[in-house]
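Participant:
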Amino acid sequence: MARQTRIVANNDTQVLVRMAAPEFDELRSLVFRRYPDAEWATFARFGWHAAASTLVLTLAKVDAPSIGSLDERVDHVAIAEPYTLNTALAAEQHPLAVGVIHSHPRGCPPRPSFIDDDMDGYYSGYFEGFAPGRPYVSLILSQMENELAISGRIWWRKRWLLVTRVVVERNPVQTWIGGRHPGKRPAAPERIARLTAALGREASERLRRSTVAVIGAGGTGSAAIEVLARAGVGQLIIVDPDHLDESNLERVHGSRPEHADRKTPKVTLARDHVLSINPSCKVRAFRGALPQKEIVDAVVCADLALGCTDQQHSRLALSDLAVRYLVPSLDCGVLLEGDDGRVTGQIIQITRFLAADPCALCRDMIVSTRVAQELMSDSERTQRQEAARLARARGEDDNPYWRNQPQLNTVGYLTTAAGAMAAGYAIGWLTGRFDPPFSRLQMNLAAKFLDVTDLEQSPQPGCVCRRVRGWSDQAIADALITPPSHWKPVQTL
Amino acid sequence: MSRERIERELSILREGKQIAELLDTNGRTVVLYRDVPTAGAQFGLPEVADVIVPVPSGYPAGLIDLAGLPVGSPFLARVRGGQNSQGLVEAAGRQWQLASYHPHNGGGGPPWNQCQHGFHTYLDHLIAWLDKLA
């Protein structure tokens, strides 16, 4: 490699790198193989998604080196040509971006060295010949004090971009933009002193740096939003297509009768409520639904998402985001059951969607006929319901045309409990202090000992979720759901 | 609608020599299958027919349903659901009548599984539909 001038990167575009826990664990054990004194490296593949102002890269596969792929005799990274060539030839067969990830020795910040500049200058040009138009990714990992520090840069569209944020599923990491220390942490405000005392100062700082997307701002979502805002989460992305009705007043936190009178969008109400609790929280409110593009663009930048709707298509979209874009999520549902005038079941369900978890289809959470009906246009619904009425009149089965869905009954204390629980587990994830100890939790508040169950499920053979983890837009043809063209355009409030 | 997915499914059909194309009509997108084989010969009818199938909202989350024949097609009187119109569609310069045919929705086929089914597998249902003429 010829010595080149130092690489100067742009920072006019935000670059987010996401990793799922299995790939990250593999990566960490690989690149720290010679820790603490010597470096090591691996090639990797990334999916990518170009959002409005952010390039999102998702680690899809670690192409681990084999014996002889790197020179063991030197402390720095020296990659053998056959390993490079094999990676490049493989890139001709897959659609993903290619990158190199290496470690720096203990105590050395993840700041690119002259050798790193040479390496990146060479590889960015080399791989472009095999994978034209795709980003080239270079990441540096380093253990700094108590945190794993990561920096990176991307060669894309003929210029270098700095990685501005790294999000790793269930593993808090610190992003050193351009290899620079992220700066001194501000003192945690007195408002969250008890939380800081309970979880530690690092935890409150991690919450301040975090972004959580809440899909659905009704009973469950508004409770989750309130808990997260009070806990000091730095940014909330709130998504809901509906306005407040009078019947929502029993459940929606922050709602008042005048909101129902004025038909205030639920996201407007939620945003105003958050800012009244925590004025330093940044709120992005979207009137719309997943998987509309503007909303996907926002949610893929969140550390995690909470699904707080009773709509199956929303569940499917969250599951898709978890698999392809590595956005971890918790999906909440509640149900009140009754018989003969007595309440027999008060069910809370929280389902974890990590990238490696079975998707919503594998978990049999989706009824295709119900999703189809949710996604129909009003005119198609009317036509179908009329066809069902005529079928019944003829004495025929009306199911092929329309199936009435029972209204899911719920009450405010149940939605609040579910939303608060989900927000609590989100705080655990964001701070790295605890994980949800379940895959799919169900509990019944009307049963002795709450009848708690955890439904461990396995991926179904042949499901697309096994093939496209971290593939982002490069597996667009494998999306589980697409936004219907008749949906109203997204309003950003 | 996942245009990329549908194009991939149609390319599978093309590999099997079945011509099918994606058409945007007035407010509705359909797949047009050309020259689908029929059992029409026994009734003195054509041995092939063009069929349209609407692309469901949110595809592939929404399941594929229905099938349409040109208005006035003699097959409409003989196929299952052909006399139970589910609406008219303008596509490829013709008017089409959607028949009440629901293979993935209790109509004889397997329940919709988006990991297995698509417009490439729906062809089998169309062939079966045009093979069982009354």
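So the sequences go chain by chain: S and X. If you count by this note's numbering, then the first sequence holds residues 12 to 504, one letter each, in order. If you count by this note's numbering, then the second sequence holds residues 855 to 988, one letter each, in order. Glycine included, every Cβ here is placed at the ideal spot set by N, Cα and C. Small disclaimer: the values here were computed from a predicted structure and weren't measured.
Please tell me whether S:Ala473 has its Cβ less than 9 Å away from any Cβ of chain X.
Facilitator: Reading off the sequence shown, one finds Gly at residue 473 of chain S, where the question assumed Ala. Answer yes: the Cβ-Cβ gap between S:Gly473 and chain X drops below 9 Å somewhere.
Participant: Between which residues of its own chain and X:Lys871 is the CB-CB distance below 6 Å, once the five residues before and five after are set aside?
Facilitator: Once the five neighbours on either side are set aside, X:Lys871 has no close Cβ partner at all.
Participant: Among S:Pro116, S:Arg267, S:Ala55, S:Gly136, whose alpha-carbon lies nearest the alpha-carbon of S:Met155?
Facilitator: The option with the nearest alpha carbon to S:Met155 is S:Pro116.
Participant: Taking the straight line between their C-alpha atoms, what separation do you get for S:Met454 and S:Ile306?
Facilitator: Between S:Met454 and S:Ile306, the C-alpha separation is close to 31 Å.
Participant: Taking X:Asp904 as part of the beta strand (DSSP E), name the residues at either end of that continuous run.
Facilitator: Note, X:Asp904: beta strand (DSSP E), 902 to 908.
Participant: Given a threshold of 16 other Cβ atoms within 10 Å of its Cβ, counted over all protein chains shown, does X:Arg859 qualify as buried or as exposed?
Facilitator: Classification of X:Arg859: buried, given that the 10 Å Cβ count is 16 or more.
Participant: Can you tell me whether DSSP reads S:Cys343 as helix, strand or coil?
Facilitator: S:Cys343 falls in the strand class under three-state DSSP.
Participant: Identify which residue in S:Trp166, S:Pro121, S:Ala431 has its Cα closest to the Cα of S:Lys137.
Facilitator: Inspection of the sequence shows that residue 137 of chain S is occupied by Tyr rather than by Lys. Nearest of S:Trp166, S:Pro121, S:Ala431 to S:Tyr137, Cα basis: S:Trp166.
Participant: Considering Cα atoms alone, identify which of S:Asn289, S:Ala399, S:Glu139, S:Gln416 is closest to S:Arg168.
Facilitator: Nearest C-alpha to S:Arg168: S:Glu139.
Participant: Let me know if S:Pro193 comes out buried or exposed under the rule of 16 or more other beta-carbons within 10 Å of its beta-carbon.
Facilitator: Label assigned to S:Pro193: exposed.
Participant: Below 8 Å, can you find three or more Cβ-Cβ pairs linking the stretch 344 to 362 of chain S to the stretch 419 to 436 of chain S?
Facilitator: Yes, the stretch 344 to 362 of chain S touches the stretch 419 to 436 of chain S.
Participant: Tell me X:Tyr887's beta-bridge partners as DSSP assigns them.
Facilitator: BP columns for X:Tyr887 point to X:Ala874, X:Val905.
Participant: Can you tell me where the beta strand (DSSP E) holding X:Tyr1047 begins and where it ends?
Facilitator: A question about residue 1047 of chain X goes unanswered here, because the residues of chain X that appear run from 855 up to 988.
Participant: Among the candidates S:Val177, S:Tyr424, S:Ala198, S:Val338, whose CA atom is the shortest distance from the CA of S:Gly229?
Facilitator: Checked all of S:Val177, S:Tyr424, S:Ala198, S:Val338; the closest Cα to S:Gly229 is S:Tyr424.
Participant: May I ask you to report which of helix, strand or coil DSSP gives S:Met12?
Facilitator: At S:Met12, the pLDDT of 49 sits below 50, so the modelled position is not reliable; the number obtained from the coordinates is stated separately. It is coil, neither helix nor strand.
Participant: Using a Cβ cut-off of 8 Å, pull out every chain X residue sitting near S:His324, in sequence order please.
Facilitator: Result: Gly912, Ala915.
Participant: Determine the closest residue to S:Thr393 out of X:Asp978, X:Gly941, X:Ala915, with distance taken between C-alpha atoms.
Facilitator: For the residues X:Asp978, X:Gly941, X:Ala915, the minimum Cα distance to S:Thr393 belongs to X:Gly941.
Participant: What does S:Gln25 pair with, by DSSP beta-bridge criteria?
Facilitator: In the DSSP output, where bridge partners are listed per residue, S:Gln25 has S:Thr65.
Participant: Using a cut-off of 7 Å between C-beta atoms, extract the partners of X:His956 located in chain S.
Facilitator: Per Cβ cutoff of 7 Å: Pro411.
Participant: For the candidate residues S:Pro252, S:Gly189, S:Asp368, S:Leu239, whose alpha-carbon lies nearest to that of S:Leu441?
Facilitator: Nearest C-alpha to S:Leu441: S:Leu239.
Participant: Name the chain S residues whose beta carbon is nearer than 8 Å to that of X:Ser856?
Facilitator: The answer, in chain order, is Ile487, Ala488, Ala490, Thr493.
Participant: For X:Tyr955, tell me which candidate among X:Leu876, X:Ile873, X:Glu869, X:Val907 has the shortest Cα-Cα distance.
Facilitator: Closest option to X:Tyr955, Cα to Cα, is X:Val907.
Participant: Kindly indicate which residue of X:Val890, X:Ala893, X:Gly926, X:Ser911 has the alpha-carbon position closest to the one of X:Gln949.
Facilitator: It is X:Gly926 whose Cα lies nearest to the Cα of X:Gln949.
Participant: What's the C-alpha gap between S:Leu327 and S:Ser124?
Facilitator: Straight-line Cα distance between these residues: approximately 44 Å.
Participant: My parser needs the beta strand (DSSP E) runs of 3 or more residues fully inside the stretch 321 to 374 of chain S; what are they?
Facilitator: Complete beta strand (DSSP E) runs here, min 3: 340 to 350, 353 to 364.
Participant: Buried or exposed, going by whether 16 or more other CB atoms sit within 10 Å of the CB of X:Ala915?
Facilitator: The residue is buried, with at least 16 neighbouring Cβ atoms inside 10 Å.
Participant: Give, in chain order, every residue of the stretch 367 to 389 of chain S whose Cβ lies closer than 7 Å to some Cβ of chain X.
Facilitator: Of all residues in the stretch 367 to 389 of chain S, Leu372, Ser379, Thr380, Val382, Ala383, Leu386, Met387, Ser388 have a Cβ within less than 7 Å of some Cβ in chain X.
Participant: So, with DSSP's three-state summary, where would you put X:Gln968?
Facilitator: DSSP places X:Gln968 in coil when its eight states are reduced to three.
Participant: Counting contacts by CB-CB distance shorter than 9 Å, is X:Thr879 in contact with chain S?
Facilitator: No, X:Thr879 lies away from the interface with chain S (no Cβ there is under 9 Å from its Cβ).
Participant: Any C-beta of chain S sitting closer than 9 Å to the C-beta of X:Trp966?
Facilitator: Cβ-Cβ to chain S under 9 Å: yes for X:Trp966.
Participant: Would you list the residues sitting across from S:Leu70 in a DSSP beta bridge?
Facilitator: Answer by DSSP bridge pairing, in chain order: S:Phe57.
Participant: Taking the straight line between their C-alpha atoms, what separation do you get for S:His284 and X:Asp904?
Facilitator: Each residue's alpha carbon lies about 57 Å from the other.
Participant: Spatial neighbours of S:Pro494 within its chain, please: C-beta separation below 6 Å, excluding the five flanking residues on both sides.
Facilitator: Same-chain partners within the cutoff: Pro302, Gln303.
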